[in-house]
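First residue of the sequence shown: 12, per the working numbering; consecutive thereafter.
Ideal Cβ positions, reconstructed from N, Cα and C, are used throughout, including at glycine.
To start, the structure itself, in structure tokens.
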Amino acid sequence: MEQPNPADWRLYTEDGKRVRLLNHTENKTTEHTHEARTASVFVAVIGRPNVGKSSLTNLLVGEKVAIVTSKPQTTRTRITGVITRGPLQYVLLDTPGVHKAKNKLGKRMDKTASDSVGDVDVSMMLFEPHPGLNESEQMLIDALRRSGPAIAVINKIDLVKDPAELEARKAELEALGVFDQVCTVSVRDNRNCEQLFELLSRYAVEGPHYFDDDAYTDMPEKELVAELIREKALLFMRDEIPHGLAVVVERFKERPGTDLVDIDVNIYCERESHKGMVIGKGGAMLKKIASAARVDCEDFLGCRVNLQCWVKVKPDWRDNEFLLNSFGFRQDPGRK
Ligand SMILES: Nc1nc2c(ncn2[C@@H]2O[C@H](COP(=O)(O)OP(=O)(O)OP(=O)(O)O)[C@@H](O)[C@H]2O)c(=O)[nH]1
Ligand SMILES: [Mg+2]
12 MEQPNPADWR LYTEDGKRVR LLNHTENKTT EHTHEARTAS VFVAVIGRPN VGKSSLTNLL
72 VGEKVAIVTS KPQTTRTRIT GVITRGPLQY VLLDTPGVHK AKNKLGKRMD KTASDSVGDV
132 DVSMMLFEPH PGLNESEQML IDALRRSGPA IAVINKIDLV KDPAELEARK AELEALGVFD
192 QVCTVSVRDN RNCEQLFELL SRYAVEGPHY FDDDAYTDMP EKELVAELIR EKALLFMRDE
252 IPHGLAVVVE RFKERPGTDL VDIDVNIYCE RESHKGMVIG KGGAMLKKIA SAARVDCEDF
312 LGCRVNLQCW VKVKPDWRDN EFLLNSFGFR QDPGRK
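Pasting the structure below:
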């Protein structure tokens with residue numbers, strides 16, 4: 012049978028429609044008409060920046076599909092993580108953290124997140140354990156009210172000292188009336204995370220798997236390599252500069268007859284002065300970023316890597332539609 016195109020997943024089923032496998036709310040009628048064979052559940056992982064969306068995605072997938080740092084706005088595009096457990100395939104869409112955007116890149120990131128909730132079978136919104144919702148979170152919750160269904164996941168419970176605080180946070184989120192479930196996890200300690208598979212499976216829809224059963228992402232190797240380099244820049248550099256970087260792999264070529272891949276990368280920054288900082292004294296910063304990234308790339312690609320990084324200036328690229336497109340931050344046309 013021809014492989015379905017994941018981009019068409021809403022349109023494609025074996026018999027022309029998606030059939031809900033398990034009914035998670037009693038007032039919805041189940042269209043479960045024949046014995047289930049395979050099923051999938053598409054899940055948008057959403058929430059404010061830095062709440063642990065990418066960490067949770069990686070943990071559930073069991074592979075590093077998304078980079079993680081302690082800085083907000085690490086994830087910039089929608090990243091797919093796939094887990095196949097027997098007949099059920101989970102497709103997690105890790106999204107950028109919603110925030111008050113200061114530039115066109117930020118606006119695209121926010122749109123990627125809010126559009127995702129309309130594209131999936133269920134959204135999984137992550138929260139910090141401390142109380143309160145900011146404006147961006149309110150906006151996402153409004154989007155969920157329109158698109159539903161959703162579950163809430165309070166992450167980082169390892170940081171909570173007083174159990175009463177957590178109970179109060181749970182009650183606060185339950186009172187919103189948007190979430191079918193509110194659960195508490197710690198990705199750091201891998202606490203309560205396994206239960207999410209069972210919760211998400213309730214929203215599965217019968218039909219073919221949209222990815223190969225051994226696939227864990229649809230992200231091209233080139234993009235993963237670019238992300239690993241950006242991760243190291245975020246880790247090693249301070250303040251705003253790493254947020255103004257874009258990484259583009261220009262060449263990715265296996266050397267015939269060897270286990271060596273040559274990778275040439277451009278690191279774009281917004282100002283001449285930033286270029287100096289990315290390169291560092293005597294090239295020290297660039298060397299530090301490149302050697303740490305090379306180790307991760309070799310681990311991920313399973314071969315030796317010859318990584319060459321070049322730093323270039325593209326003034327204010329984060330506000331330039333043309334450059335955003337050419338760096339790969341394309342607007343998702345939406346799938347509904
Ligand atoms: N203490 C604690 N820290 C966590 C936990 N989960 C994630 N973190 C940390 O939180 C920080 C942010 O994690 P990310 O996974 O990058 O967060 P994100 O929501 O994807 O962030 P953006 O991509 O910026 O929206 C990292 O330093 C993680 O190590 C947790 O359960 N407990
Ligand atoms: Mg992230």
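Taking 4 residues as the minimum length, the alpha helix (DSSP H) runs contained wholly in the region 273 to 329 are 283 to 290 and 295 to 312, in order along the chain. Residue 85 is positioned such that its CB atom lies closer than 9 Å to that of residue 61.
When DSSP states are grouped into helix, strand and coil, residue 262 belongs to the strand group. Shown here, residue 68 sits in a helix according to DSSP, grouped into three states. Not one heavy atom of ligand 1 falls within 8 Å of the beta-carbon of residue 244. Sequence-distant partners of residue 225 (beyond 5 residues in either direction) whose C-beta falls short of 8 Å from its own C-beta, in its chain, are 95. Listed in chain order, the non-local C-beta contacts of residue 260 below 7 Å within the same chain comprise 233, 236, 237, 274 and 276, local neighbours out to five positions each way being set aside.
In the structure shown, residue 123 adopts helical secondary structure according to DSSP, grouped into three states. Among the bridge pairs identified by DSSP, residue 215 is matched with none.
The straight-line gap separating the alpha-carbon atoms of residue 148 and residue 298 is approximately 38 Å. By the neighbour-count criterion, in which a residue is buried when 16 or more other Cβ atoms sit within 10 angstroms of its Cβ, residue 333 is exposed.
Across the set 78, 229 and 164, the C-alpha of 164 shows the shortest separation from the C-alpha of residue 184.
For residue 170, the shortest C-beta to heavy atom distance toward ligand 1 is below 8 Å. With a threshold of 16 other beta carbon atoms within 10 Å, residue 264 falls short and is exposed.
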